[in-house]
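Protein chains in written order, with this note's numbering: chain A, 2 to 92; chain B, 2 to 92; chain C, 2 to 92; chain D, 2 to 92; chain E, 2 to 92. Built from N, CA and C at the ideal position, the CB exists for glycine as well.
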Amino acid sequence: MITGVVSGNIFSTINHPFYDGKRLLIVDKTDLNGKRTGDYLIAVDSVDAGVGDPVLVVDEGNGARQIIGDPSAPIRSIIVGIIDSVDVSPF
Amino acid sequence: MITGVVSGNIFSTINHPFYDGKRLLIVDKTDLNGKRTGDYLIAVDSVDAGVGDPVLVVDEGNGARQIIGDPSAPIRSIIVGIIDSVDVSPF
Amino acid sequence: MITGVVSGNIFSTINHPFYDGKRLLIVDKTDLNGKRTGDYLIAVDSVDAGVGDPVLVVDEGNGARQIIGDPSAPIRSIIVGIIDSVDVSPF
Amino acid sequence: MITGVVSGNIFSTINHPFYDGKRLLIVDKTDLNGKRTGDYLIAVDSVDAGVGDPVLVVDEGNGARQIIGDPSAPIRSIIVGIIDSVDVSPF
Amino acid sequence: MITGVVSGNIFSTINHPFYDGKRLLIVDKTDLNGKRTGDYLIAVDSVDAGVGDPVLVVDEGNGARQIIGDPSAPIRSIIVGIIDSVDVSPF
């Protein structure tokens, strides 16, 4: 899993029926302090995340398909959680 | 998924029957503003994309095989959509 | 497998029941001398690792699912061992 | 898929019977102009490629196993075509 | 596959029974001239490789599991051969 923040939406003419009615969100990757790394990915939402939300993303196809519950979903990245807090030891 | 723009075609003597009659497109990767990153990939088309089209590409083998509908397709990257617009929050 | 050291916890509102009651640990990647590389990952624990422990992490979805014993677990990274020692030849 | 040029052979004492009688080729990765990037990979041949041939390589395990027609082949990279031409738009 | 040289062993308290009695070797990645790149990986041995041996490593989970002959082995990297020679064309 990686951490990120939702920064926007992407709209596309997509042919595969899997994508009908699904939101494609742009997620800026962040470090553990929430600072953006400059990299991003495009993910399907599973937790009603909105712009500005800090999120956890599973970035692996088979794991993403398990969460969707559809073994044939053509996806790789899915938002699986909204981050409540990060607790890093100073040691 | 990643974003890119179709920049050309690649022609090859390919032995696997999966590739018969399929177009291999060169996709220059782009950032969310459509600026090319200097990296590229070779993808199979599924949406009749042409040179100059901004596209969404699934770059994971199992996801690509689901879109093709052929669990034995020897591919990794497939163009799944033509991008209509990208909406990024300023926050 | 990669080496790392547990540096903290991450708390998230997660919807998939797989995560109920599971700890998500932050693992700072290290080189073989235990020096942090600046990169990190978020892993599920399988060996009761705690903050400060040097650990081995399997960072591949199918391997991680085998360790959990759940072929549908939506995970990619799992802590599989606590490192006792590293023995590198000077040659 | 990625593009490359065959630059040599690698000989190894390999235990898995899959490799008996199979050639392991060194492929220097190239950009679309055929310029070597400095990176390389080791691939199994499926098209009788020889040193100096520009080639297309599938660099994903499941796709490579489909081409070999052996779902248990322990490979990741396979040469699937010899490149005839690359046609890149100037736009 | 990638090339490397065995540089040491790693010892760990591992819970998954797959690892019982298996050696975990540290492999320094090398270029085709045997020069170390500064990167490394941790691999399971399948060819009785020792410290200093130049080796071929399959670095993909499904391929590694095929060599072990155990579809549920939680591994990603496995040493599949000891390199006899590398023959690179000067062209």
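Worksheet item: If you scan the segment 6-46 of chain C from start to end, which runs of the beta strand (DSSP E) of 3 or more residues do you find wholly inside it?
Response: 25-31 and 37-46
Discussion item. My output table needs one value for residue 82 (chain D): the three-state DSSP class, helix, strand or coil.
Written reply: By 1-based counting over the fourth sequence, the position of residue 82 (chain D) is 81. In this structure, residue 82 (chain D) counts as strand in the three-state DSSP scheme.
Practice prompt. Name, in chain order, the residues that DSSP records as bridge partners for residue 3 (chain E).
Written response: Here residue 3 (chain E) refers to the residue found at position 2 of the fifth sequence. Answer is E:58, bridged to residue 3 (chain E).
Discussion item. Let me confirm a value: residue 1 (chain C) is counted as buried when at least 16 other C-beta atoms fall within 10 Å, else exposed. Which label applies?
Written reply: Because residue 1 (chain C) is not part of the residues shown, which for chain C are 2 to 92, the question remains open.
Worksheet item: Interface residues of chain F around residue 8 (chain D) at Cβ under 7 Å?
Response: The structure shown contains no chain F; its protein chains are A, B, C, D and E.
Practice prompt. Measure the alpha-carbon distance for residue 53 (chain A) versus residue 57 (chain B) and round it to whole angstroms.
Written response: The count along the first sequence starts at 1 and reaches residue 53 (chain A) at position 52. The count along the second sequence starts at 1 and reaches residue 57 (chain B) at position 56. Whole-angstrom Cα-Cα distance: 23 Å.
Discussion item. So, for residue 13 (chain D): in the same chain, excluding its five sequence neighbours on each side, which residues have a beta-carbon less than 6 Å away from its beta-carbon?
Written reply: Residue 13 (chain D) sits at position 12 when you count from the first residue of the fourth sequence. Here the set comprises nothing.
Worksheet item: Below 7 Å between beta carbons: does that hold for residue 26 (chain C) and residue 49 (chain C)?
Response: As a position in the third sequence, residue 26 (chain C) is number 25, starting the count at 1. As a position in the third sequence, residue 49 (chain C) is number 48, starting the count at 1. No, they are not a contact pair.
Worksheet item: Got a sec: is the Cβ-Cβ distance from residue 42 (chain E) to anything in chain D below 7 Å?
Response: By 1-based counting over the fifth sequence, the position of residue 42 (chain E) is 41. Taking Cβ atoms only, chain D never reaches closer than 7 Å to residue 42 (chain E), which makes this a no.
Worksheet item: Within the 7 Å Cβ cut-off, does residue 58 (chain E) reach chain D?
Response: Reading the fifth sequence from its first residue, position 57 is the one you call residue 58 (chain E). No, residue 58 (chain E) lies away from the interface with chain D (no Cβ there is under 7 Å from its Cβ).
Fill in: CB of residue 30 (chain B) within 7 Å of CB of residue 5 (chain B), strictly
Mapped onto the second sequence, residue 30 (chain B) falls at position 29. Mapped onto the second sequence, residue 5 (chain B) falls at position 4. Yes. Within cutoff.
Item to complete: Give a yes or no on whether the C-beta atoms belonging to residue 93 (chain C) and residue 88 (chain A) are separated by under 7 Å.
Response: This structure cannot speak to residue 93 (chain C), because chain C is shown only from 2 to 92.
Fill in: Chain-ordered chain E contacts of residue 62 (chain D) [CB-CB under 7 Å]
Locating residue 62 (chain D) in the fourth sequence gives position 61, where the first residue counts as 1. Those within 7 Å of residue 62 (chain D) in chain E are 61, 63 and 64.
Discussion item. Quick check on the burial criterion: 16 or more other C-beta atoms within 10 angstroms. Buried or exposed for residue 18 (chain C)?
Written reply: The residue given as residue 18 (chain C) occupies position 17 in the third sequence. Exposed, by the Cβ-count rule.
Worksheet item: Got a sec? Which residues, its chain only, sit under 8 Å from residue 28 (chain C) by beta carbon, not counting five neighbours each side?
Response: The residue you call residue 28 (chain C) lines up with position 27 of the third sequence. Closer than 8 Å at the Cβ level, and outside the excluded window around residue 28 (chain C), lie 5, 6, 7, 8, 41, 42, 43, 44, 56, 58, 78 and 80.
Worksheet item: Can the beta-carbon of residue 82 (chain A) be found closer than 7 Å to that of residue 15 (chain C)?
Response: Within the first sequence, numbered from 1, the residue matching residue 82 (chain A) stands at position 81. Within the third sequence, numbered from 1, the residue matching residue 15 (chain C) stands at position 14. Yes, Cβ-Cβ distance for residue 82 (chain A) and residue 15 (chain C) is below 7 Å.
Worksheet item: Of all the options B:75, B:35 and B:37, which has the alpha carbon lying nearest to the alpha carbon of residue 21 (chain B)?
Response: To locate residue 21 (chain B), count along the second sequence from 1; it is residue 20. Among B:75, B:35 and B:37, the Cα nearest to that of residue 21 (chain B) is on B:75.
Worksheet item: Among the residues of its own chain, which have a CB less than 7 Å from the CB of residue 11 (chain E), if the five just before and after it don't count?
Response: Counting from one through the fifth sequence, the residue named residue 11 (chain E) turns up at place 10. Closer than 7 Å at Cβ, skipping near neighbours: 25, 27 and 43.
Practice prompt. Can you pull the chain E residues whose beta carbon is under 8 Å from the beta carbon of residue 82 (chain C), in chain order?
Written response: To locate residue 82 (chain C), count along the third sequence from 1; it is residue 81. Neighbours of residue 82 (chain C) on chain E, chain order: 13, 14, 15, 16 and 20.
Discussion item. Check whether chain C comes within 7 Å of residue 75 (chain E), counting only Cβ atoms and requiring the distance to be less than that.
Written reply: Here residue 75 (chain E) refers to the residue found at position 74 of the fifth sequence. Answer yes: the Cβ-Cβ gap between residue 75 (chain E) and chain C drops below 7 Å somewhere.
Worksheet entry | Presumed contact (8 Å Cβ cut-off) between residue 73 (chain E) and residue 67 (chain C), rounded CB distance | Within the fifth sequence, the letter at position 72 stands for residue 73 (chain E). Within the third sequence, the letter at position 66 stands for residue 67 (chain C). Indeed they touch by this definition, with Cβ atoms about 5 Å apart.
Worksheet item: When the cut-off is 7 Å and only beta carbons count, does residue 52 (chain A) lie next to chain B?
Response: To locate residue 52 (chain A), count along the first sequence from 1; it is residue 51. Yes, because at least one Cβ of chain B sits closer than 7 Å to the Cβ of residue 52 (chain A).
Item to complete: Name, going along the chain, the residues of the segment 23-39 of chain B whose beta-carbon falls closer than 7 Å to a beta-carbon of chain D.
Response: 27
Fill in: Cutoff 8 Å; reference residue 65 (chain B); Cβ partners in own chain excluding five residues on either side
Taking the second sequence and counting its residues from 1, the one referred to as residue 65 (chain B) is at position 64. Hits under 8 Å: 45, 59, 74, 76, 77, 78 and 79.
Discussion item. Output needed for residue 2 (chain D): all residues of its chain with C-beta closer than 6 Å, excluding positions within five of it in sequence on either side, in chain order.
Written reply: Here the question's residue 2 (chain D) lines up with position 1 in the fourth sequence. Within the same chain, residue 2 (chain D) has close Cβ partners 57 and 59.
Worksheet item: Closer than 7 Å, CB to CB, is residue 48 (chain E) near chain D or not?
Response: By one-based count along the fifth sequence, residue 48 (chain E) stands at place 47. Answer yes: the Cβ-Cβ gap between residue 48 (chain E) and chain D drops below 7 Å somewhere.
Discussion item. Under 7 Å, Cβ to Cβ, is there at least one residue of chain E near residue 78 (chain C)?
Written reply: As a working note, residue 78 (chain C) is residue 77 in the third sequence. False, the Cβ-Cβ gap to chain E never drops below 7 Å.
Discussion item. Suppose you measure from the CA of residue 90 (chain A) to the CA of residue 71 (chain C); what does that come to, to the nearest Å?
Written reply: Reading the first sequence from its first residue, position 89 is the one you call residue 90 (chain A). Reading the third sequence from its first residue, position 70 is the one you call residue 71 (chain C). Going by the C-alpha atoms only, they are around 30 Å apart.
Discussion item. For residue 34 (chain C) and residue 23 (chain A), I'd like the C-alpha separation in whole angstroms.
Written reply: For this step, residue 34 (chain C) is matched to residue 33 along the third sequence. For this step, residue 23 (chain A) is matched to residue 22 along the first sequence. Each residue's alpha carbon lies about 46 Å from the other.
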